[in-house]
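Data block below; observations after.
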Amino acid sequence: MNLFDLHCDTLYKAVTNNLPLDDKSMQVSQILGEDNKRLQCYAIWIPDDYTSEKAEQTFFSAYQRLTSECKRLSIKLIEQNESISDAFKNNKNSALFTIENSTALNGKIGNVEKFAKLGVRIITLTWNASNAVGDGADVSDSTGITDFGKSVVREMEKYGVVVDVSHASDKLFYDVAEIATRPFAATHSNSRFVTNHRRNLTDEQFKIIKERNGIVGINFHRDFLSDNPDSASIYDLLKHINKFLSLGGENVICIGTDFDGCNLPYDITGSESLAEIYEMLLRHNYKESLIRKIFYENALNFFENFDNRRIM
37 MNLFDLHCDT
47 LYKAVTNNLP
57 LDDKSMQVSQ
67 ILGEDNKRLQ
77 CYAIWIPDDY
87 TSEKAEQTFF
97 SAYQRLTSEC
107 KRLSIKLIEQ
117 NESISDAFKN
127 NKNSALFTIE
137 NSTALNGKIG
147 NVEKFAKLGV
157 RIITLTWNAS
167 NAVGDGADVS
177 DSTGITDFGK
187 SVVREMEKYG
197 VVVDVSHASD
207 KLFYDVAEIA
217 TRPFAATHSN
227 SRFVTNHRRN
237 LTDEQFKIIK
247 ERNGIVGINF
257 HRDFLSDNPD
267 SASIYDLLKH
277 INKFLSLGGE
287 NVICIGTDFD
297 GCNLPYDITG
307 SESLAEIYEM
317 LLRHNYKESL
327 IRKIFYENAL
337 NFFENFDNRR
347 IM
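The sequence shown begins at 37 in the working numbering and counts up one residue at a time.
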């Protein structure tokens, strides 16, 4: 069972608690099956209450920590000029460095290029509040994207950094859709039709991402899986996957667990539950070719096409 996970907060947990990436408390396990390959996106989350200066400092601290931990654990940290597809095929355990909340840019447009050269491949534009780029999902009277935000999107597309609209307000989402010239992603978002939460995607939003050849990662946070989060279970994943499939999402749906940054359903504990999820999909008559798409092929294909237009 191979895996390409678009989002986890394990790196933030490691940095803020001074823990190794393979600490036993982590939901992302470094133990892989003999024939398995994994590419894990390690996001550095920037809380909304961080100043821009602290956010930028946190980014560089996280970069240093991830670099050293990947070396210690023999994880292939994919660099700016390297093919993600090749790295996945040639390494048992690979990592991508991503940012959750563009406050890490510290208002400096030049940081987009600088971060890209350090290997950053995804930036989630906001967390739940407002920042210099635009408004997050908790902003009820959102004004959408700022002029600086428009410049950030243009620079991200120029340097091959994927625009991530998870956590974006609806207004920011549609502003991004209007100005984006390249495919974009929602790395850890579910269906709002299934679970009526502002962090989830409407059917229209999912269709826009699909039409732009983007991808959407299924999030394991129980509040996004069920309107009754205390009883959320592994089977709620099916409801969101089935809804997205009904919208034509066979080549769009990915995995974006949000491990180490969310409250999981009672019957999911971390990486060790992924094999059970795989088997559950088989039991529900999913073709194995479709399961492979969801678990890793869709994400790989997205980045393979995206990388073909990157400035090295």
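Quick reminder that beta carbons are idealized off the backbone N, C-alpha and C, glycines included. Keep in mind that this is a model prediction, so the values were computed, not measured.
Quiz item: Tell me the DSSP bridge mates of F342?
Solution: In the sequence shown, the residue the question calls residue 342 occupies position 306. Answer is none; F342 lacks a bridge partner.
Self-check item: the segment 80-91 touching the segment 311-329, judged by at least three CB pairs closer than 8 Å
Solution: By the Cβ test, the segment 80-91 is not in contact with the segment 311-329, since fewer than three Cβ pairs between them sit closer than 8 Å.
Quiz item: Cα separation between P219 and E193?
Solution: Your numbering for residue 219 matches position 183 in the sequence shown. Your numbering for residue 193 matches position 157 in the sequence shown. When rounded, the distance between both Cα atoms is 9 Å.
Quiz item: Who pairs with D171 in a beta bridge, going by DSSP?
Solution: Indexing the sequence shown from 1 puts residue 171 at position 135. DSSP, once it has assigned bridges, lists S166 as partnering D171.
Exercise. Assign D266 to one of two classes, buried (16 or more other C-beta atoms within 10 Å of its C-beta) or exposed (fewer than that).
Key: Position 230 of the sequence shown, counted from the start, is the residue given in the question as residue 266. With fewer than 16 Cβ atoms within 10 Å of its Cβ, D266 is classed as exposed.
Quiz item: Hey, is N321's beta-carbon within less than 7 Å of any beta-carbon in chain C?
Solution: No chain C appears in the structure shown, which is made up of a single protein chain.
Practice problem: Ignore the nearest five residues each way along the sequence and tell me which others in N287's own chain have a CB closer than 7 Å to its CB. | Solution: Locating residue 287 in the sequence shown gives position 251, counting from the first residue. In its chain, beyond the 5 residues on either side, K329 and N334 have a beta carbon closer than 7 Å to the beta carbon of N287.
Exercise. Report whether the distance from the Cβ of I327 to the nearest heavy atom of the ligand GTP is below 6 Å.
Key: As presented, the structure is devoid of all ligands, the ligand GTP included, so that no description of it is given.
Practice problem: For the alpha helix (DSSP H) holding S88, just list the boundary residues, first then last. | Solution: As a first step, residue 88 must be located in the sequence shown, where it is residue number 52. Segment S88 to L109, the alpha helix (DSSP H) holding S88.
Exercise. Assign E92 to buried or exposed, taking buried as 16 or more other Cβ atoms, counted over all protein chains shown, within 10 Å of its Cβ.
Key: Counting from 1 along the sequence shown, the entry for residue 92 is found at position 56. Buried: at least 16 other Cβ atoms inside 10 Å.
Quiz item: The alpha helix (DSSP H) with L47 in it runs from where to where?
Solution: In the sequence shown, residue 47 corresponds to position 11, counting from 1. T46 to N53 is the extent of the alpha helix (DSSP H) around L47.
Quiz item: Between the segment 250-258 and the segment 219-229, do at least 3 Cβ pairs fall closer than 8 Å?
Solution: Contact holds: three or more Cβ-Cβ distances are below 8 Å.
Quiz prompt | Validate contact between the segment 108-120 and the segment 143-163 using beta carbons, cut 8 Å, 3 pairs | solution = In short, these stretches touch, since the Cβ pair count reaches three.
Quiz item: Between the C-alpha atoms of D174 and R234, what's the straight-line distance to the nearest angstrom?
Solution: Taking the sequence shown and counting its residues from 1, one reaches residue 174 at position 138. Taking the sequence shown and counting its residues from 1, one reaches residue 234 at position 198. Approximately 8 Å, taken between the alpha carbons.
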